[in-house]
Amino acid sequence: MNERGHPQTLEARHPGNANALRHGAYSGRRSLPPEAVEIADSLMQAPHVVDLDRYGAEEIAALVVQIDRIDAALADGRVERNDRPRALIDLRARLSGRLERWLAAYGLTPASRAEWAARLASGGLAGEIARRQRIARGETP
């Protein structure tokens, strides 16, 4: 500690200091940034979503924001640093895969919506019971 300094103005750390934050890929998430809150709120407006889905909506939103930040950091077009591929490129690919899985789980891709509609149309357990009863009666399923 600087003996000639001003102890009343010294802080051991600066809470909320985000000066070095560029894309946030290597920092712990303390809270959702405002743009992620907006995304999560819009996801929660879907008709098939319940309050417990908020955690997943926030994870999707955080992934979208983090991917956007990484894309901005990669916008310089350089894919190598010190003759090696940039670590952000690999991280971007992994986050994109996670986002794809979350979107599918939430029914936010065309394929996941089609699968959900097909399951709904087949009637689930009740539909399977009715199909087996028809088979047992000798009718065509």
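Numbering (the numbering used here), first residue to last: -15 to 125. Using N, Cα and C, we set each Cβ at its ideal position, and we do this for glycine too.
List the whole-angstrom C-beta distance separating residue i from residue j, where the pair is believed to meet the contact cut-off of C-beta under 8 Å.
{"i": "Val49", "j": "Glu19", "result": "6 Å"}
{"i": "Arg70", "j": "Arg82", "result": "So it is not a contact: roughly 19 Å between Cβ atoms."}
{"i": "Leu27", "j": "Val33", "result": "7 Å"}
{"i": "Ala114", "j": "Gly122", "result": "Actually they do not touch by this definition, with Cβ atoms about 15 Å apart."}
Does DSSP put residue i in a helix, in a strand, or in coil?
{"i": "Pro31", "result": "coil"}
{"i": "Arg121", "result": "coil"}
{"i": "Arg70", "result": "coil"}
{"i": "Arg136", "result": "Residue 136 lies beyond the residue range present for the chain, which begins at -15 and ends at 125; the question has no answer from this structure."}
{"i": "Tyr90", "result": "coil"}
{"i": "Leu16", "result": "coil"}
{"i": "Gly107", "result": "coil"}
With a threshold of 16 other CB atoms inside 10 Å of the CB of residue i, please say whether the residue is buried or exposed.
{"i": "Ala24", "result": "buried"}
{"i": "Ala98", "result": "exposed"}
{"i": "Ala41", "result": "buried"}
{"i": "Ala102", "result": "exposed"}
{"i": "Leu104", "result": "exposed"}
{"i": "Glu43", "result": "buried"}
{"i": "Ala46", "result": "buried"}
{"i": "Leu72", "result": "buried"}
Keeping to the same chain, check which residues put their C-beta closer than 6 Å to that of residue i; ignore five residues upstream and five downstream.
{"i": "Arg116", "result": "none"}
{"i": "Ala110", "result": "none"}
Got a sec? Which residues, its chain only, sit under 8 Å from residue i by beta carbon, not counting five neighbours each side?
{"i": "Arg76", "result": "Ile51, Ile54, Asp55, Leu58"}
Might you give, ordered along the chain, the residues of its own chain that have their beta carbon closer than 7 Å to the beta carbon of residue i, omitting 5 neighbours on each side?
{"i": "Trp86", "result": "Gly40, Glu43, Ile44, Leu47"}
{"i": "Pro17", "result": "Val49"}
Exercise. Is the region 53 to 60 touching the region 30 to 41 in the sense that three or more CB pairs, one from each, lie closer than 8 Å?
Worked result: no
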